[in-house]
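The numbering of the sequence shown is UniProt numbering, which starts it at 1 and goes up by one.
Built from N, CA and C at the ideal position, the CB exists for glycine as well.
Here the structure is a predicted model, which means the values were calculated and not measured.
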Amino acid sequence: MPLPPVPAGLIARPLEASDLDATYAVYVADEFVNTGQRMVEWEDIESDWQRPSFDLSTDSVGIFYGDRLVGAAEVFAGRRADGAVAPDWHGRGIGTWLLAWTEHRAKEQGGSLVGQSKFGGSPAEALLRGRGYHEMWTSWVLEVPEDQTITPQPLPDGYALREFTAADEHAAYHLIEDAFNEWPDRDPATFEDWRPRIIGRAGFSPWQIRFVTDPGGKPVGVAAIILDSQQCAYVDQLAVRKDHRGKGLARALLVDAFEEARRRGATRSELSTDSRTGALGLYEKVGMVVTQTWRHWAREL
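1) What are the uninterrupted segments assigned as beta strand (DSSP E) that are 3 or more residues long and contained completely in the stretch 44-84, given in chain order?
2) Report yes if the CB atom of Leu175 is closer than 9 Å to the CB atom of Gly221, and no otherwise.
3) Excluding the 5 residues preceding and the 5 following Thr138 in the sequence, name in chain order all residues of the same chain whose CB lies nearer than 6 Å to its CB.
4) Do Glu143 and Ser269 come within 9 Å of each other at the CB atom, strictly closer than that value?
5) Could you compute how far the alpha carbon of residue 303 sits from the alpha carbon of Ala233?
6) Which class does Ile11 belong to by DSSP, given the choice of helix, strand or coil?
7) Using CA atoms only, rank isn't needed, just tell me which of Gly110, Arg195, Ile226, Pro215 is closest to residue 310.
8) What did DSSP end up calling Ile225 once you bin it into helix, strand or coil?
9) Of all the options Arg245, Pro184, Asp185, Ile150, which has the alpha carbon lying nearest to the alpha carbon of Glu284?
10) Could you give the distance in angstroms between the alpha-carbon of Ser205 and the alpha-carbon of Thr58?
11) Quick one: what's Tyr159 bridged to in DSSP?
12) Please list the terminal residues of the continuous beta strand (DSSP E) segment that includes residue 305.
13) Residues in its own chain within less than 6 Å of Gly115 by CB, not counting five upstream and five downstream?
14) For Lys118 and Trp183, I'd like the C-alpha separation in whole angstroms.
15) The alpha helix (DSSP H) that contains Arg251, what's its start and end?
16) Got a sec, what are the start and stop residues for the alpha helix (DSSP H) Phe180 sits in?
17) By the 10 Å Cβ neighbour count, where 16 or more other Cβ atoms means buried, how is Gln237 classified, buried or exposed?
18) Near Phe191, which residues of its chain fall below 7 Å by C-beta distance, leaving aside the five closest residues on each side in sequence?
19) What do you get for Leu3, buried or exposed, if any count of 16 or more other CB atoms within 10 angstroms of its CB means buried?
20) So that I know if they touch, is there some Cβ in chain D lying closer than 9 Å to that of Thr213?
21) Let me check one thing: in DSSP terms, what residues is Gly115 bridge-paired to?
22) Could you give the C-beta distance for Ala77 and Gln109, rounded to a whole number, given that I count them as a contact under 8 Å?
23) Strictly by DSSP, which residues pair up with Ile209?
24) Have a look at Glu146 and Phe258 and give me their C-alpha separation to the nearest angstrom.
25) Out of Arg131, Phe211, Leu98, Leu254, point me to the one whose CA is closest to Ala160's CA.
26) Drop a sphere of 10 angstroms on the beta-carbon of Glu41, count the other beta-carbons inside from all chains shown, and report buried for 16 or more, exposed for fewer.
27) With distances taken from CA atoms, which of Leu113, Thr165, Tyr24 is nearest Glu300?
28) Is it buried or exposed, Leu47, if we count other Cβ atoms within 10 angstroms and call 16 or more buried?
29) Output the distance between the C-alpha atoms of Arg131 and Leu15, rounded to the nearest integer angstrom.
30) How is His244 classed by DSSP in three states: helix, strand or coil?
31) Taking the alpha-carbon positions, what's the Ala189 to Glu177 distance?
32) Please name the residue, chosen from Val255, Trp101, Arg264, Thr267, that lies closest to Gly287 on a Cα-to-Cα basis.
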């Protein structure tokens, strides 16, 4: 099905590297309307655009009024989409056009199902629902409040914690990828696409990846941490090898990550989880509280 016309008075073109600041501004402004706070970081967009499998010239689009970017969208691997519209341009058909573009592009990429995650109760959810999208899972953002005491979590005998070294890149990737691929409706990521998110991120420091090792010294669990510009430590990825679960390693890694981040100036600690993982209770047991609810919506192409 061909794309509908771009709303009158606007033009559509692929985003360019020089549009990163403007794209970030649109995403942040849209987030404030929906959540009351900024979630995305400039480096999040930069690292996403650095993935080798993502082609900015074909997998992104911007809507412009003259020289001003008023809406943007991206599609990754024919499955995941994201998009936002500047709040003062809401209600003009831009979001509807961007949604149609993501579906069109995902189908061109060979996708059969496309979806995106939106803040619970936001206007975007109504738009998705009206276009035939269905809810696939619920996600929660949890945080350790600034004044919350973090209770240490003991490790079993022989296990230890340590930080990342240059030789650990593939070990971290395989631990995370193997664990995450147990989830339903999860597309595998290549090492080259995974690397920009943490290790290739501007300002990366070895403390941001923490390992738990078994009695033989082999990494069997990993936590990857992002310290954002608001001094919030976000545990972006947490994984324990399947044959070492049930020993409290994830709790120990999580608490260790929070403590390491606090030592480096973090005032809050956050992470997100979703209903596919069954891990919500784990995070609540270490003192985290739910602050936001998001839902993933998808439709068949």
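Checking against the coordinates, here is how it stands:
1) 60-65, 68-76
2) yes
3) Ser275, Arg295
4) yes
5) For the chain, the structure presents residues 1 to 301; residue 303 sits outside this window and is missing.
6) strand
7) No answer is possible for residue 310: the residues shown for the chain start at 1 and end at 301.
8) strand
9) Ile150
10) 32 Å
11) DSSP, once it has assigned bridges, lists no residue as partnering Tyr159.
12) Lying outside 1 to 301, the shown extent of the chain, residue 305 is not represented and no answer is given.
13) His296, Trp297, Ala298
14) 20 Å
15) 249-263
16) 169-180
17) buried
18) His170, Tyr173
19) exposed
20) Going by chain labels, chain D is absent from the structure shown, which holds only one protein chain.
21) Arg80, Ala298
22) 7 Å
23) Ala224
24) 11 Å
25) Phe211
26) buried
27) Leu113
28) In the sequence on display, residue 47 carries Ser and not Leu. Ser47 should be labelled buried.
29) 25 Å
30) helix
31) 7 Å
32) Val255
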